[in-house]
Amino acid sequence: DSLLARPRGEPLTMLAGVAGATTRVQLGTAVLLPLLRHPLTLAHQLATLDRISRGRLIVGVGPGADLPGTHAELAAVGVPSDRRVNAMLSAIERCRRLWRNEEAGMELDPRPLRPGGPPIWLGGGGPRMLRLAGTVFDGWLPLSPTPDDFASGLRSVREAAEKAGRDPDSVAIGAYLTIAVADDRGEAAKLIDAYIRAYYGVPAEVMARGMAIHAGTLESAAEWVAAYAAEGARHIVVRLGHPTLRDYDETVRRLLGAIRR
Numbered sequence: 007d008s009l010l011a012r013p014r015g016e017p018l019t020m021l022a023g024v025a026g027a028t029t030r031v032q033l034g035t036a037v038l039l040p041l042l043r044h045p046l047t048l049a050h051q052l053a054t055l056d057r058i059s060r061g062r063l064i065v066g067v068g069p070g071a072d073l074p075g076t077h078a079e080l081a082a083v084g085v086p087s088d089r090r091v092n093a094m095l096s097a098i099e100r101c102r103r104l105w106r107n108e109e110a111g112m113e114l115d116p117r118p119l120r121p122g123g124p125p126i127w128l129g130g131g132g133p134r135m136l137r138l139a140g141t142v143f144d145g146w147l148p149l150s151p152t153p154d155d156f157a158s159g160l161r162s163v164r165e166a167a168e169k170a171g172r173d174p175d176s177v178a179i180g181a182y183l184t185i186a187v188a189d190d191r192g193e194a195a196k197l198i199d200a201y202i203r204a205y206y207g208v209p210a211e212v213m214a215r216g217m218a219i220h221a222g223t224l225e226s227a228a229e230w231v232a233a234y235a236a237e238g239a240r241h242i243v244v245r246l247g248h249p250t251l252r253d254y255d256e257t258v259r260r261l262l263g264a265i266r267r
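Numbered according to the numbering used here, the sequence shown spans residues 7 to 267.
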């Protein structure tokens with residue numbers, strides 16, 4: 007989700023189109039930056055999208071990455087970067103109040119299809135974000151760079167949920183993985199590096215310090231994804247790090263087939 011920082015379409019507009027063309031698949035953002043929209047506008051957009059999709063929406067959110075482009079973008083909409091987490095929490099709570107018709111002097115119509123609104127998942131892996139995922143949000147969608155990092159974060163999320171009096175199993179657990187697949191590992195590494203440089207402006211090895219990135223054969227990619235599933239990831243988002251969309255469908259089908267084997 008970006009206005010200026012990266013080349014992206016507006017996600018809620020795109021999801022409305024996808025919702026109209028599908029009937030079964032769940033739809034979501036990975037992740038939406040609530041701070042780029044006024045909370046009242048955001049609550050209305052998400053409520054409308056929840057109705058259009060007939061309750062298939064999952065709202066993945068985050069405060070924005072600690073990158074120069076994100077800081078500049080937030081400044082452009084009047085949000086100080088050092089307050090972005092608190093501002094995000096305030097926006098989410100206001101959305102929920104509007105969906106429950108608890109905002110004084112305001113009545114949102116239409117409200118979401120689901121009472122209380124669509125589930126909201128938090129992206130992020132720092133200590134505060136892990137605590138928030140377990141105490142405030144409906145799910146966790148991290149970029150954990152390794153399965154071990156993911157497992158450690160999941161333990162923290164579950165501990166936070168227990169301390170807050172929540173059932174840890176009530177927090178949905180996902181993982182956001184970026185993959186490049188080729189017959190040769192070296193070719194896959196070139197694909198992922200070109201993709202990451204074009205998208206983030208830095209080498210893939212830099213982003214891999216804080217993001218789940220894998221370049222390899224179909225078999226190695228399937229094993230890597232399976233390792234996250236083995237550690238507790240139940241909802242896996244796969245982003246193919248390929249420069250074009252030409253072979254996207256075929257690669258995803260082959261990858262799913264390899265994982266299921």
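Idealized CB from N, CA, C, for every residue including glycine.
Cα-Cα separation between residue i and residue j, rounded to whole angstroms
{"i": "Asp-190", "j": "Val-244", "result": "20 angstroms"}
{"i": "Ala-210", "j": "Leu-183", "result": "13 angstroms"}
{"i": "Phe-143", "j": "Pro-125", "result": "8 angstroms"}
{"i": "Trp-230", "j": "Ala-188", "result": "15 angstroms"}
{"i": "Met-112", "j": "His-44", "result": "15 angstroms"}
{"i": "Ala-170", "j": "Ala-194", "result": "43 angstroms"}
{"i": "Pro-17", "j": "Arg-134", "result": "26 angstroms"}
{"i": "Ala-90", "j": "Arg-267", "result": "Sequence check: residue 90 is Arg here, not Ala. Cα to Cα, Arg-90 sits roughly 43 angstroms from Arg-267."}
{"i": "Ile-198", "j": "Phe-156", "result": "21 angstroms"}
{"i": "Ile-179", "j": "Gln-32", "result": "15 angstroms"}
{"i": "Gly-130", "j": "Asp-255", "result": "28 angstroms"}
{"i": "Trp-127", "j": "Leu-147", "result": "6 angstroms"}
{"i": "Arg-57", "j": "Gly-192", "result": "45 angstroms"}
{"i": "Glu-237", "j": "Ala-110", "result": "44 angstroms"}
{"i": "Arg-30", "j": "Leu-38", "result": "22 angstroms"}
{"i": "Asp-7", "j": "Pro-13", "result": "9 angstroms"}
{"i": "Leu-114", "j": "Thr-47", "result": "10 angstroms"}
{"i": "Arg-137", "j": "Ser-162", "result": "7 angstroms"}
{"i": "Thr-141", "j": "Arg-259", "result": "36 angstroms"}
{"i": "Ala-233", "j": "Lys-196", "result": "24 angstroms"}
{"i": "Val-212", "j": "Gln-51", "result": "35 angstroms"}
Residue i burial status per 10 Å Cβ neighbour count (16 or more: buried)
{"i": "Gly-263", "result": "exposed"}
{"i": "Thr-257", "result": "buried"}
{"i": "Ser-59", "result": "buried"}
{"i": "Thr-76", "result": "buried"}
{"i": "Val-67", "result": "buried"}
{"i": "Leu-55", "result": "buried"}
{"i": "Ser-150", "result": "buried"}
{"i": "Pro-116", "result": "exposed"}
{"i": "Glu-99", "result": "exposed"}
{"i": "Gly-23", "result": "exposed"}
{"i": "Glu-79", "result": "buried"}
{"i": "Arg-62", "result": "buried"}
{"i": "Arg-251", "result": "Checking the sequence, you will find Leu at residue 251 rather than Arg. Exposed, because fewer than 16 other Cβ atoms sit within 10 Å of the Cβ of Leu-251."}
{"i": "Gly-84", "result": "exposed"}
Simplified DSSP assignment, three categories, for residue i
{"i": "Thr-250", "result": "coil"}
{"i": "Thr-47", "result": "helix"}
{"i": "Ala-97", "result": "helix"}
{"i": "Thr-35", "result": "strand"}
{"i": "Ala-239", "result": "coil"}
{"i": "Ala-214", "result": "coil"}
{"i": "Ala-110", "result": "coil"}
{"i": "Ala-166", "result": "helix"}
{"i": "Ala-178", "result": "strand"}
{"i": "Ala-22", "result": "helix"}
{"i": "Leu-119", "result": "coil"}
{"i": "Ser-8", "result": "coil"}
Those residues which DSSP pairs with residue i across a bridge
{"i": "Gly-183", "result": "Note that residue 183 is Leu in the sequence shown here, rather than Gly. Note: Leu-183 sits in a beta bridge opposite Val-244."}
{"i": "Leu-128", "result": "Val-67 and Trp-146"}
{"i": "Gly-222", "result": "Val-187"}
{"i": "Ala-195", "result": "According to DSSP, Ala-195 bridges with nothing at all."}
(Q) So within the region 52-81, which uninterrupted beta strand (DSSP E) runs reach at least 3 residues, ignoring any that extend past its ends? (A) 63-67
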